Structure formats: C-alpha cells, structure tokens
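S.K.: This structure is in structure tokens; I'll ask about it shortly.
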C-alpha cells in the first residue's frame, strides 16, 4: 500500500517537471524572451566588429590620457622656465638700474679738496626713516664723526644735504638726518641772501624759522646751506619752500620746506671727506 502511494507521487512529480520543460521550450520561441536573450547574448558575446571598436576606443582613450599627462608635464616645465626667465629679467633690470645710478654718481663734478666716499644705506624701524640711517662704510674707509653726508637728487644729479655722521665704527657709521627733530641747520633763501634756520620735524618737511617778517619769501623758493654752517659747504641744496606762515612774532615768520634728499637714487649716500691742501 505504501509503495503504491510512493509510486503515485513520483509520477506526479515527473509530469510536473515535464510540463515545466515544455513551458520553457515554448517560452524561448516568444518575441519578448528572444529579445532579452539576444540582448544578453550581444552584451556578453559581442561581434568581432563591435569588439574591435571597443578595443580601438580603449586605445584612443589611453592615448588621450597619455597626451593629457604629457601636456600637463610640459606645462609644469614651461611654468618653471617662465618663472626662471622672469626672475632673471628682474635681476637684470635691477642690475641695469644700479649700474646706471652708479654711473651717475661717478659722473659727479669733483669738489676741490674733497674725496667722495660712496656708501650704501640701511634704515632701522620705519618710524626712524627721517631720523637716522646706517652706512655700510666706517673708520676702515676713512670716515669719522661730524663728516657731512649728501645724496644725489634724481631730477638734476646734484648733491643735496642729507645729514652728518655722529657715530663711527670699523665698518659702519650712523648718520643723523637734517629732518631729525634734534637737527638745526643754518640756511639761506637762494639768490636772496636771507639767513634763517632749518629745524627737523621727524618728517620730510623742515621748519624754516627766524625769517625776517618783511622778507620776500614765497613757496617755490629754494633753501641752501648758508656760510654759517660748520659742517656743510655753503650753497649746497637743502630743500624748497612749500608754505609760508606769518608766525606769532612781530619780527619773524616761519615756513615749511620739503627736503631734496628724499628724492635720491638707489639709497646711496655720498660722504664728503675733506683733504688737506
């Protein structure tokens, strides 16, 4: 009885599997199934022409990537070369300007019994640019205290008053400027013979004091060293009057003058060393 029941179940399963097999065989013949089958087959097993196109595209893509990398490397090299050339050009321009400026210094008219010592300038703090500066020449170069220091004006290549040495070391020296508030310089109005004093104000402007009240002084008048100076030669340019005020005294008036030395070349100073006749 049990064996007969088992045989019956096996026959049912066989018939079921047989029906499923016929179903799949019939399904292969339908259009949707054929379409899906062909699509999968085409993707999985492309034709020779399609495969060739794929491989060619991959080669082209690889070549493009190589070209991009090569171009990028070339750009880096060109940028480096461009930077090097730019730096060299700047260096050339700086050297050329320095050469031209030094040539102008060497063409200065010789002053009788005076040796000109050229020195480089370095400033300390920015707020001291109108008070002091340091020269790169000192006692070893024949410099000493109280020597006058001038600078070459860019506009007319004339030496103008700058300051005097107050401290001397072996290879450097310190200069106090005429614009320092502790400086007082005897000056006169050029071509007018009006004597007065130039006092520093820690700026590019000098305060011109003790100008006679009735003196003919106006903006644009030049200030030069007077014969009363014990440091600078008479007639050396100092600055130009920018404003005149009546002042508070009934006998004198004051004025403001812009110094010439500020318009100098290359931060070079000229120390005027007197020689014995």
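Numbering (the numbering used here), first residue to last: 195 to 471.
Virtual Cβ for every residue (Gly too), placed ideally from N, Cα, C.
Because the structure is a prediction, the values reported are computed rather than measured.
So, under 8 Å CB-CB, residue 465 and residue 337 are touching, yes? Tell me the CB distance rounded to an integer number of Å.
M.R.: Rounded, the Cβ-Cβ distance is 6 Å, consistent with contact.
S.K.: Out of 350, 331, 347 and 349, point me to the one whose CA is closest to residue 341's CA.
M.R.: Considering only alpha carbons, the answer is 331.
S.K.: DSSP three-state label for residue 286, please.
M.R.: If DSSP states are grouped into helix, strand and coil, residue 286 belongs with the helices.
S.K.: State buried or exposed for residue 356, treating a residue as buried only when at least 16 other CB atoms are found within 10 Å of its CB.
M.R.: So residue 356 ends up on the buried side.
S.K.: Under 7 Å Cβ to Cβ from residue 352, same chain only, skipping five residues before and after it: list those, please.
M.R.: 431.
S.K.: Can we say the region 368-375 touches the region 316-328, given the rule of at least three CB pairs closer than 8 Å?
M.R.: Touching, per the Cβ criterion.
S.K.: According to DSSP, is residue 396 part of a helix, a strand, or is it coil?
M.R.: Correct three-state label for residue 396: coil.
S.K.: Taking the DSSP output, what are the residues bridged to residue 314?
M.R.: Note: residue 314 sits in a beta bridge opposite 462.
S.K.: Please report the residue range of the beta strand (DSSP E) in which residue 355 lies.
M.R.: Counting along the chain, the beta strand (DSSP E) containing residue 355 begins and ends at 353-362.
S.K.: What does DSSP give as the partner residue(s) for residue 425 in the beta ladder?
M.R.: In the DSSP output, where bridge partners are listed per residue, residue 425 has none listed.
S.K.: Mark residue 272 as exposed unless 16 or more other C-beta atoms lie within 10 angstroms of its C-beta, in which case mark it buried.
M.R.: Per the 10 Å Cβ criterion, exposed.
S.K.: Rank 280, 428, 335 and 303 by C-alpha distance to the C-alpha of residue 312 and give the top, closest one.
M.R.: Nearest C-alpha to residue 312: 335.
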